[in-house]
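Residue numbers are given in the working numbering: position 206 of the sequence shown equals residue 422, and the series is strictly consecutive.
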Amino acid sequence: MTTTPPTSADTLPGRPLSLRAELGRQLSRRRTTWSFVLLLALPLLIVAAFALGDGEPSQGSLVDLATSGAANFAIFTTAVSSSFLLIVLAALFVGDSLPSEASWSTLRYLLLAPVPRARLLWSKLVIGLASTAVAVVALIGWSLLVGLVFYGTEGFSNPTGGTLDWATFAPRLALVAAYLVVTLLPVGALAFALGVRTDAPLAAVGGAVMVTIVSAILDQIDNLGSLRNALPLHDASAWFDLLRPVVVWDDLVQGALWSVLYTLVLVSLAFWMFRRKDVLS
217 MTTTPPTSAD
227 TLPGRPLSLR
237 AELGRQLSRR
247 RTTWSFVLLL
257 ALPLLIVAAF
267 ALGDGEPSQG
277 SLVDLATSGA
287 ANFAIFTTAV
297 SSSFLLIVLA
307 ALFVGDSLPS
317 EASWSTLRYL
327 LLAPVPRARL
337 LWSKLVIGLA
347 STAVAVVALI
357 GWSLLVGLVF
367 YGTEGFSNPT
377 GGTLDWATFA
387 PRLALVAAYL
397 VVTLLPVGAL
407 AFALGVRTDA
417 PLAAVGGAVM
427 VTIVSAILDQ
437 IDNLGSLRNA
447 LPLHDASAWF
457 DLLRPVVVWD
467 DLVQGALWSV
477 LYTLVLVSLA
487 FWMFRRKDVL
497 S
């Protein structure tokens, strides 16, 4: 995975361990720039695809209603992005930062500062998770704006029935963004834990994405029964319940609790491993 090595101004003793310095390092990386370029280009590509396409979508489906207004377009874009693109970005933003330092052979230098290792980890974890949250909000907000320009201001029409006016839809959309961020926490935490164990950014990011894919495959096996509830991202799509006329909270609460639990366990494991790691890079 190609990223831009830090400059000398980024590696002064003491400074690299602050949130402000880590934010600067995150923003200066090419992969951050290109990730957001891709993210913001996606709604425009979807608009172009709808304009060029001549097929007949299924009546009453989410894709069929995507061009009925900005609200439906934003939901459609979020739905097609949340199952893979946002997962990859969460793994990238959180899992890449620490092994990148090792691959640049700067990690040992950073730890020469008279600051505990935990502070280095916290700065990278917080900025990585914050970047993920910004990506989710940026995608939804930009999709909404693009939808307003191309498809108008109609309220949300649910494919399963019912409509939401803007006064109801706007706070529901904010809750959708918040829930997506929460369900992406375990992905970032897993990539973070893998990043502590490896000096290869691709291994940390790819490993987290691979585990997520395997979990999604297992989630399709009905024979597992209620055991599927404990799989990561089992309730990741429960945010659709927020778009019903009457919200059903059961799956939303379950998904949020499992996400927080996985995140706490994986982050704790990452800190425990890093305290005992011999940093040679």
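Built from N, CA and C at the ideal position, the CB exists for glycine as well.
Same chain only: Cβ atoms within 6 Å of residue i, ignoring 5 sequence neighbours per side
| i | result |
| --- | --- |
| H499 | This structure cannot settle anything about residue 499, because the visible part of the chain is limited to 217 through 497. |
| V253 | none |
Inter-residue CB distance, residue i and residue j (contact presumed, cutoff 8 Å)
| i | j | result |
| --- | --- | --- |
| S484 | Y367 | That belief does not hold up - the Cβ atoms of S484 and Y367 are roughly 45 Å apart, past 8 Å. |
| A354 | L477 | No, A354 and L477 are not in contact; Cβ-Cβ is about 27 Å, not under 8 Å. |
| V397 | T348 | 7 Å |
| T294 | V365 | Not really, about 17 Å apart at Cβ, beyond 8 Å. |
| F292 | A282 | 4 Å |
| A351 | L305 | 5 Å |
| G344 | V310 | 3 Å |
| L471 | T399 | In the sequence as presented, Leu is not what sits at residue 471; that position holds Gly. Yes, G471 and T399 are in contact; Cβ-Cβ is about 6 Å, under 8 Å. |
| V425 | I303 | 6 Å |
| L278 | P375 | 5 Å |
| A486 | L268 | Wrong, their Cβ atoms sit about 45 Å apart, outside the cutoff. |
Own chain partners of residue i with C-beta closer than 7 Å, once the 5 adjacent residues on each side are dropped
| i | result |
| --- | --- |
| F385 | A287, G371 and F372 |
| P402 | P448, S475, Y478, T479 and L482 |
| V342 | L235 |
| P259 | T293, W358, S359 and V362 |
| S431 | L447, P448 and L449 |
| I262 | T293 |
| L239 | I343 |
| K340 | E238, S313 and L314 |
Bridge partners - residue i, DSSP secondary structure assignment
| i | result |
| --- | --- |
| T379 | S373 |
Cβ shell of residue i (< 8 Å), same chain only, five flanking positions each side left out
| i | result |
| --- | --- |
| A290 | I356, S359, L360, G363 and L389 |
| L468 | Y395, D451, A454, W455, D457 and L458 |
| W250 | none |
| W382 | A287, T369 and G371 |
| A419 | P315 and L410 |
| Q242 | T248, F309, S313, I343, G344 and S347 |
| M489 | A409, V412 and R413 |
| F266 | A282 and T283 |
Extent of the continuous alpha helix (DSSP H) run through residue i
| i | result |
| --- | --- |
| P417 | P417 to L434 |
| D297 | What sits at residue 297 in the sequence shown is Ser, not Asp. Taken as a continuous stretch (DSSP letters only), the alpha helix (DSSP H) holding S297 covers A286 to S298. |
| V547 | This structure cannot settle anything about residue 547, because the visible part of the chain is limited to 217 through 497. |
| R246 | R246 to L268 |
| T446 | It should be noted that the sequence gives Ala, not Thr, for residue 446. A446 -> no alpha helix (DSSP H), and no H or E assigned at all. |
| G311 | L301 to G311 |
Item to check | Segment contact flag, the region 413 to 426 with the region 454 to 466, C-beta cutoff 8 Å, min 3 pairs | outcome: no
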